[in-house]
Amino acid sequence: MSGIKIANGTAASAETTVDTNGNMHVVTPTTESQAGFVAVTAENDSGTVTGSRLMRSIETTEDYRLRVGLDSPLFDLSFEGTTVAQAVLQQNLATMTGAQANGLYTLNSGNATTSGNNANIRTYRAFPLFGTFSTYCELWAKNVNETASNSVTEWGLGYVSGTSAPTDGVFFRSNAGGQLMGVVNFGGAETTVNITSPATNTVHHWAIEVHNEQVNFWVNDSLYGSIATPTGYPSPSQSYQLPAFARVYNSGTAGAARQFAVGKIAVTLGEAASARSWSHAMNGMGGGSYQIQPGTASGGTLTRGVAASGWPTSGTASAAAATYTATSAPATNSLGGMYTTPAISTLTTDADYPIFSYLNPVGTATLPGKTLYITGVRVSEVMAKAAASTNTCVSYFALGIGSTSSATTATEGAAIVAARIIPVGMAFWPAAAAVGDTKGGWTLDFSQAPLVCPAGTYVQFIFRPSGTVASNTLTLHGMVTFTGYHE
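Counted the way numbering that gives the first Met the number 0 counts, the sequence shown spans residues 0 to 486.
Rendered as structure tokens:
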């Protein structure tokens, strides 16, 4: 049976045509006075889960410029190796245990089912929620036994403790009955939306989009549910600064051991083109040059346990000198600190002594190979700790960057990089130099052209005595500080 023909005249060109799927061919008018309106919108979600497409209109300014937003990374933590990044992540374990392995940190790794047992992790840093800008909290994580009775799993942004109800936040919850839901908690008052559970024991991309007027809950880039800010509240949560967290707890004797395994936590400030520099962002994520990076250990890059080198622990004498060997020692694996030289007479004139040789850890499958950017160096005043005698001398200082060897004698080769030397300064010491005589220090700003130290290479602070060292009892004491960040 033929349908109704739509035409404007008898010519074939005046008839409406359709494609093979029955869609009408349409060409919008090119004459402005004849044109209707075609709205340009963005499809944020296809409606695969919710059943309806999420469409948002595109905005322009009064001068017809398209409004755009740039996202700013606030936090990013992965879990290579077996060492927890305790500088940025707090663990709160009550009988339940937590363990890091195979790229995941697992809450309740010991499979506890006893009532009252609990475990949670949270970032020390709290993240801002700004009015009309969105904050995104993302976790790549998997649930195990998430339908087990008498056990609860929660993850997102907020404040939690032990087995108590959350006091504030926006987060996912798999409740004691196994129902997955999105939760908005304003100072303890909760609004929830039930969510369809994705496949169990599978790493999913969980994302919470927090806006002052609405919170959206995404799984694997599909919208699973939304909660509008409840009437009477100015925002979804009472606090505008929330840490990221995840926890498992048993509200009774659990039917099976629930686990929650996290592979990455990321927090992003959306649409706000902040003036924060990239180095500030990296430091905010825990990437400061003063931090040992995740995967190796937890602590600082300035050694604390070595007397007379780095920054000795409180109560440890710092007057003694380390063993100095031309071109190779002391080479303390510390990113700066204090140092004391032996008597100049025990050293070789014009030989390099690497006081500090800090190794930026080699990258492996279980250890992130990060690049260390040095943005500044402060070489302190140098003081005579023992008087000179007989002869004058000069002390030279330099930086060595990017060598694959802790010594200063590496020869460039196919798999060997020799240090790139950056002279820092010098000081002249007369034969009559007395205890307490001090020479000025130097501050070097590399913020516009950082010194780059790839994973597996060294940052060195090098001392070179020059002149007649024989019979010279002079010893020197000083400090050096490095600033920068890991990427």
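Ideal Cβ placement from N, Cα and C applies to all residues, glycine included.
For residue i, list the residues DSSP reports as bridge partners.
i    : result
M180 : R172, N193
R246 : N119, E153
K263 : S77, W139
T59  : L65
V218 : W205, S221
V503 : In this structure the chain extends from 0 to 486, so residue 503 is not present and cannot be described.
W428 : C392
V381 : K438
D167 : Y158
E42  : M54
R257 : According to DSSP, R257 bridges with nothing at all.
M478 : M337
S356 : Q459
V451 : Y372
H210 : Q213
Looking at residue j and residue i, is the spacing between their C-beta atoms short of 7 Å?
i    : j    : result
P449 : I373 : yes
N117 : V151 : no
P464 : I354 : no
A454 : A387 : no
G102 : L366 : no
R172 : E145 : no
S221 : V48  : yes
S405 : Y457 : yes
V247 : L371 : no
T300 : L268 : no
F126 : V218 : no
N91  : S250 : no
S308 : G483 : no
T112 : A253 : yes
A383 : P422 : no
T312 : V468 : no
I226 : T190 : yes
What's the C-alpha gap between residue i and residue j?
i    : j    : result
G285 : T122 : 11 Å
A271 : A280 : 14 Å
W205 : S402 : 41 Å
G368 : I291 : 12 Å
G44  : I57  : The displayed chain sequence assigns Asp, not Gly, to residue 44. Rounded to the nearest angstrom, the two C-alpha atoms are 15 Å apart.
L76  : F185 : 27 Å
N390 : V87  : 52 Å
Y395 : E411 : 24 Å
S470 : T345 : 9 Å
A245 : T134 : 17 Å
F489 : T363 : There is simply no residue 489 to check, as the chain begins at 0 and stops at 486 in what is shown.
L65  : A38  : 14 Å
T472 : S278 : 44 Å
Q258 : G477 : 51 Å
G231 : Q237 : 12 Å
G176 : V192 : 15 Å
Y104 : G314 : 37 Å
G298 : N282 : 15 Å
G399 : A413 : 19 Å
A330 : F462 : 11 Å
A328 : A255 : 57 Å
For a test of the three-state rule: what should DSSP assign to residue i, helix, strand or coil?
i    : result
N282 : helix
W441 : strand
Q292 : coil
T374 : strand
W310 : coil
T322 : coil
T331 : strand
E31  : helix
M0   : Summary for M0: the model assigns pLDDT 44, below 50, so the residue's position carries little reliability; its value from the coordinates is reported in the next sentence. The answer is coil: DSSP assigns M0 none of H, G, I, E or B.
T345 : helix
A469 : coil
A13  : helix
Keeping to the same chain, check which residues put their C-beta closer than 8 Å to that of residue i; ignore five residues upstream and five downstream.
i    : result
H24  : T15, T16, V17, D18
S234 : L128, F185, N211, T228
L241 : A125, F126, L128, L156, G157, Y158, D167, G168, V169
Could you pull out every residue in the same chain whose Cβ sits closer than 6 Å to the Cβ of residue i, ignoring the five residues on either side in sequence?
i    : result
A409 : S402, I415, A417
D444 : G375
M0   : Here M0 scores only 44 on pLDDT, less than 50, and its place in the model should not be relied on; the value that follows carries that caveat. For M0, where only same-chain residues beyond five positions count, there are no Cβ hits under 6 Å.
A93  : N117
Determine, using beta carbons only, whether residue i comes closer than 7 Å to chain B.
i   : result
R52 : Absent here is chain B; the protein component of the structure consists of one chain.
Excluding five sequence neighbours on each side, which residues of the same chain lie with their C-beta closer than 7 Å to the C-beta of residue i?
i    : result
W139 : V202, H204, G262, K263
R55  : T40, A41, N43
Q513 : Given a span of 0 to 486 for the chain in the structure shown, any question on residue 513 remains unanswerable.
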